[in-house]
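K.L.:
All residue numbers for the sequence shown refer to our numbering, where the first residue is 1 and numbers rise by one.
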Amino acid sequence: MTGSPHAPKSKIPATIITGFLGAGKTTLLSNLLREARGKRIALIVNEFGDMGFDGSLVDGCADPDCAAEDVVELTNGCICCTVADDFLPTMEMLIARDDAPDHIVIETSGLALPQPLVRAFSWPSVKTRVTVDAVVTVVDTAAVAEGRVASDEAAVAAQRAADDALDHDSPVEELFEDQLACADLVVLNKADLVDAAALEAVRAHVAARLRPAVEIVTAEKGVLSADVLLGRASAAEDDMDGRKSHHESHHDHDHDHDDDHDHDHHHHDHDHDAFESHVVALTAIASLADLKARVEAAMALPGVLRIKGAVAVDGKPAPAMVQAVGPRVETWFARDARGTGQLVVIGLAGFDLVRASAILKNALAA
Numbered sequence: 001m002t003g004s005p006h007a008p009k010s011k012i013p014a015t016i017i018t019g020f021l022g023a024g025k026t027t028l029l030s031n032l033l034r035e036a037r038g039k040r041i042a043l044i045v046n047e048f049g050d051m052g053f054d055g056s057l058v059d060g061c062a063d064p065d066c067a068a069e070d071v072v073e074l075t076n077g078c079i080c081c082t083v084a085d086d087f088l089p090t091m092e093m094l095i096a097r098d099d100a101p102d103h104i105v106i107e108t109s110g111l112a113l114p115q116p117l118v119r120a121f122s123w124p125s126v127k128t129r130v131t132v133d134a135v136v137t138v139v140d141t142a143a144v145a146e147g148r149v150a151s152d153e154a155a156v157a158a159q160r161a162a163d164d165a166l167d168h169d170s171p172v173e174e175l176f177e178d179q180l181a182c183a184d185l186v187v188l189n190k191a192d193l194v195d196a197a198a199l200e201a202v203r204a205h206v207a208a209r210l211r212p213a214v215e216i217v218t219a220e221k222g223v224l225s226a227d228v229l230l231g232r233a234s235a236a237e238d239d240m241d242g243r244k245s246h247h248e249s250h251h252d253h254d255h256d257h258d259d260d261h262d263h264d265h266h267h268h269d270h271d272h273d274a275f276e277s278h279v280v281a282l283t284a285i286a287s288l289a290d291l292k293a294r295v296e297a298a299m300a301l302p303g304v305l306r307i308k309g310a311v312a313v314d315g316k317p318a319p320a321m322v323q324a325v326g327p328r329v330e331t332w333f334a335r336d337a338r339g340t341g342q343l344v345v346i347g348l349a350g351f352d353l354v355r356a357s358a359i360l361k362n363a364l365a366a
């Protein structure tokens, strides 16, 4: 990648990764850390669930007791931070370290707009030390090919309603377009799940919503070279005019109409206690197939929206990782993962936790 006059070498590059629940952000990050090749990467993640964050799905970063202010040292020399509303203090802490990172990667919740996060890099204490290398938007190709923005839109709605910090009035399709409007790179993940014609249709659909010259690449199971993800030197914080969200664009062009539209069509009340998550402890299981069958059965219960975590498998040196959203259940072995023996079950308030736990523990047939 060529350099940018906006990104002096003295500044630490930061990559922002966004995309809806189930698009494959965590898998992409896991693969990126494996390919760090000595580069000291600081990973900042923010996720909903009792285990705190999706670091449980990143090798070497699976501490369920990791508090918001904690910094976890990963086995490959990288570091992992969790943040809630303390993004700027976390950034200030990272750049003040004697062993400051070579690169910072930030995984958003997938529902928060990327634009305000990019603007935060203009904060005086951060701007002189860090620049936005790129905003990367991960797209669930299979879902978009079917006319949806995510593989399980009910799970996205649950995640959205559970976060008081989000704008709950904007349609989720607008949030998707806002992610694309701010992107410097779009990753069409799960490209292997659609045929060539559908892939080209998704590419055209996405391209129509991008700024000029934004690159689109395809990926399978989140595998993408670090050379593609890092080193883009976009200096996005200095280039916000073309990255405006729907709200900002409508405010600029027709403020009164935008207000009327919001009041007429978007009066939705959300009960932020309507969703809950619980940790289910599991002993070692017989096989990966057994684990997948249990998770599929639990996901089929009314109100269960997501299951994630790590479980030991008999005779295997590495634990099996689980990521289940809607009908899709993904399992794989992860070297050096900790926090083994816990699955987080996220669902609508009042879902049958007793039955879900029994199914996962193989104490009750589905």
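Cβ atoms here follow ideal geometry from the backbone N, Cα and C, with glycine treated the same way.
Within 10 angstroms of the Cβ of alanine 143, are there 16 or more other Cβ atoms? Answer buried if so, exposed if not.
P.N.:
By one-based count along the sequence shown, residue 143 stands at place 143. That one is buried.
K.L.:
Quick one: give me the first and last residue of the beta strand (DSSP E) that valine 308 is part of.
P.N.:
Here residue 308 is taken as the residue at index 308 of the sequence shown, counted from 1. The sequence as given places lysine at residue 308; valine does not occur at that position. Start and end: 304-311.
K.L.:
Can you give me the C-alpha to C-alpha distance between leucine 199 and aspartate 98, rounded to a whole angstrom?
P.N.:
Locating residue 199 in the sequence shown gives position 199, counting from the first residue. Locating residue 98 in the sequence shown gives position 98, counting from the first residue. The straight-line gap from Cα to Cα measures roughly 46 Å.
K.L.:
Tell me the DSSP secondary structure of threonine 108 in three-state form.
P.N.:
Numbered from 1 along the sequence shown, position 108 holds the residue referred to as residue 108. Here threonine 108 sits in coil by DSSP.
K.L.:
Helix, strand or coil for leucine 199, going by three-state DSSP, please let me know.
P.N.:
The residue given as residue 199 occupies position 199 in the sequence shown. Leucine 199: helix per DSSP, three-state reduction.
K.L.:
What's the call for arginine 37, buried or exposed, on a 16-neighbour Cβ count within 10 Å?
P.N.:
For the purposes of this step, residue 37 is taken as residue 37 along the sequence shown, with counting starting at 1. Arginine 37 is exposed by the Cβ-count criterion.
K.L.:
Is glutamate 330 buried or exposed, if buried means 16 or more other CB atoms sit within 10 Å of its CB?
P.N.:
Locating residue 330 in the sequence shown gives position 330, counting from the first residue. Burial call: buried.
K.L.:
Specify the secondary structure class of leucine 21 as computed by DSSP and reduced to three states.
P.N.:
The count along the sequence shown starts at 1 and reaches residue 21 at position 21. Looking at leucine 21 - three-state DSSP - the assignment turns out to be coil, as it is neither helix nor strand.
K.L.:
Check whether the stretch 144-152 touches the stretch 113-127, taking contact to mean three or more Cβ pairs, one atom from each stretch, closer than 8 Å.
P.N.:
No, because fewer than three Cβ pairs between the stretch 144-152 and the stretch 113-127 fall closer than 8 Å, the two stretches do not touch.
K.L.:
When we look at the beta-carbon of glycine 19 and count the other beta-carbons within 10 Å, is it buried (16 or more) or exposed?
P.N.:
As a first step, residue 19 must be located in the sequence shown, where it is residue number 19. Classification of glycine 19: buried, given that the 10 Å Cβ count is 16 or more.
K.L.:
When you compare only the Cα positions, how much space is there between serine 234 and alanine 14?
P.N.:
Reading the sequence shown from its first residue, position 234 is the one you call residue 234. Reading the sequence shown from its first residue, position 14 is the one you call residue 14. Between serine 234 and alanine 14, the C-alpha separation is close to 10 Å.
K.L.:
For the beta strand (DSSP E) holding alanine 42, just list the boundary residues, first then last.
P.N.:
Locating residue 42 in the sequence shown gives position 42, where the first residue counts as 1. Start and end: 41-45.
K.L.:
State the Cα-Cα distance for the pair glycine 242 and alanine 207, rounded to the nearest angstrom.
P.N.:
On the sequence shown, residue 242 is found 242 positions in, with the first residue counted as 1. On the sequence shown, residue 207 is found 207 positions in, with the first residue counted as 1. When rounded, the distance between both Cα atoms is 15 Å.
K.L.:
Any idea what DSSP makes of glycine 347, helix, strand or coil?
P.N.:
Here residue 347 corresponds to residue number 347 of the sequence shown, with the count starting at 1. Reduced to three states, the DSSP call for glycine 347 is strand.
K.L.:
Following the continuous alpha helix (DSSP H) through aspartate 290, name the residue where it begins and the one where it ends.
P.N.:
The count along the sequence shown starts at 1 and reaches residue 290 at position 290. Unbroken alpha helix (DSSP H) run through aspartate 290: 288-299.
K.L.:
Helix or strand or just coil, what does DSSP make of methionine 240?
P.N.:
Translated into the one-based positions of the sequence shown, residue 240 becomes position 240. Residue state, collapsed to three classes: coil.
K.L.:
Would DSSP call proline 114 helix, strand or coil?
P.N.:
For the purposes of this step, residue 114 is taken as residue 114 along the sequence shown, with counting starting at 1. Correct three-state label for proline 114: helix.
K.L.:
Hey, quick one: how far does the alpha helix (DSSP H) through valine 354 stretch, first residue to last?
P.N.:
Mapped onto the sequence shown, residue 354 falls at position 354. Its alpha helix (DSSP H) spans residues 353-360.
K.L.:
Compare the Cα-Cα distances from valine 322 to each of Lys316, Gly315, Val344 and Leu175 and report the closest residue.
P.N.:
Residue numbering aside, residue 322 sits at position 322 when the sequence shown is read from its first letter. The shortest Cα separation from valine 322 among Lys316, Gly315, Val344 and Leu175 belongs to Val344.
K.L.:
Smallest Cα separation from aspartate 194: which of Ala349, Gly147, Asp184 and Leu33?
P.N.:
Along the sequence shown, read from residue 1 onward, the residue named residue 194 stands at position 194. The question names aspartate, but residue 194 is valine in the sequence shown. It is Gly147 whose Cα lies nearest to the Cα of valine 194.
K.L.:
Taking the continuous alpha helix (DSSP H) assigned at isoleucine 95, which residues delimit it?
P.N.:
As a working note, residue 95 is residue 95 in the sequence shown. Looking at the DSSP string, the run of the alpha helix (DSSP H) that includes isoleucine 95 is 87-96.
K.L.:
Can you grab the Cα-Cα spacing for the pair alanine 68 / leucine 94, in whole Å?
P.N.:
Reading the sequence shown from its first residue, position 68 is the one you call residue 68. Reading the sequence shown from its first residue, position 94 is the one you call residue 94. At alanine 68 the pLDDT is 36, less than 50, meaning the model places this residue with poor confidence; the figure from the coordinates comes in the next sentence. Near 14 Å, if we compare the C-alpha coordinates of leucine 94 and alanine 68.
K.L.:
Alanine 443 to proline 302, Cα distance in whole Å?
P.N.:
Nothing can be reported for residue 443, as the shown portion of the chain is limited to 1 through 366.
K.L.:
Of the choices Arg129, Ala324, Ala219 and Val223, whose alpha-carbon is the least far from that of lysine 308?
P.N.:
As a first step, residue 308 is located in the sequence shown; it is residue number 308 there, counting from the start. It is Ala324.
K.L.:
Write down the C-beta distance between alanine 236 and valine 135 rounded to the nearest angstrom, noting that I regard them as a contact closer than 8 Å.
P.N.:
Residue numbering aside, residue 236 sits at position 236 when the sequence shown is read from its first letter. Residue numbering aside, residue 135 sits at position 135 when the sequence shown is read from its first letter. Yes, they are in contact, since the Cβ atoms of alanine 236 and valine 135 sit about 6 Å apart, within 8 Å.
K.L.:
Report the option in Gly24, Arg40 and Ser125 whose CA atom is closest to the CA atom of threonine 108.
P.N.:
The sequence position of residue 108 within the sequence shown is 108, counting from 1. For the residues Gly24, Arg40 and Ser125, the minimum Cα distance to threonine 108 belongs to Gly24.
K.L.:
I'd like the list of long-range same chain contacts for methionine 91, defined as Cβ closer than 7 Å, with 5 residues on each side in sequence excluded.
P.N.:
As a working note, residue 91 is residue 91 in the sequence shown. Taken in chain order, the residues that qualify are Val126 and Val130.
K.L.:
Assuming leucine 229 is part of the alpha helix (DSSP H), what are its boundary residues?
P.N.:
Translated into positions along the sequence shown, residue 229 becomes position 229. From DSSP, the alpha helix (DSSP H) with leucine 229 extends over 226-229.
K.L.:
Helix, strand or coil: how does DSSP classify threonine 128 here?
P.N.:
Along the sequence shown, read from residue 1 onward, the residue named residue 128 stands at position 128. Threonine 128 falls in the coil class under three-state DSSP.
K.L.:
So, are the CB atoms of aspartate 184 and glutamate 220 less than 9 Å apart?
P.N.:
For this step, residue 184 is matched to residue 184 along the sequence shown. For this step, residue 220 is matched to residue 220 along the sequence shown. No, the Cβ-Cβ distance between aspartate 184 and glutamate 220 is not below 9 Å.
K.L.:
How many angstroms separate the CA atom of phenylalanine 351 from the CA atom of histidine 278?
P.N.:
The sequence position of residue 351 within the sequence shown is 351, counting from 1. The sequence position of residue 278 within the sequence shown is 278, counting from 1. Near 11 Å, if we compare the C-alpha coordinates of histidine 278 and phenylalanine 351.
K.L.:
Suppose you measure from the CA of valine 304 to the CA of glutamate 173; what does that come to, to the nearest Å?
P.N.:
Taking the first residue of the sequence shown as position 1, residue 304 is located at position 304. Taking the first residue of the sequence shown as position 1, residue 173 is located at position 173. Taking the straight line joining both Cα atoms gives about 23 Å.
K.L.:
With a cut-off of 8 Å on the beta carbons, I'd call isoleucine 12 and proline 101 a contact; round off their distance for me.
P.N.:
Working through the sequence shown from its first residue, we reach residue 12 at position 12. Working through the sequence shown from its first residue, we reach residue 101 at position 101. Confirmed, Cβ separation roughly 6 Å.
K.L.:
Nearest to valine 217 by alpha carbon, out of Leu188, Gly231 and Ile106?
P.N.:
One-based indexing of the sequence shown puts residue 217 at position 217. Looking at the Cα atoms, Leu188 is the closest of the given residues.
K.L.:
Closer than 6 Å by C-beta to asparagine 31: which residues in its own chain qualify, once you throw out the five before and the five after it? Chain order, please.
P.N.:
The sequence position of residue 31 within the sequence shown is 31, counting from 1. Same-chain partners within the cutoff: Gly222 and Val223.
K.L.:
Counting along the chain, where does the beta strand (DSSP E) carrying phenylalanine 333 start and finish?
P.N.:
Residue numbering aside, residue 333 sits at position 333 when the sequence shown is read from its first letter. Per DSSP, phenylalanine 333 belongs to the beta strand (DSSP E) from 328-333.
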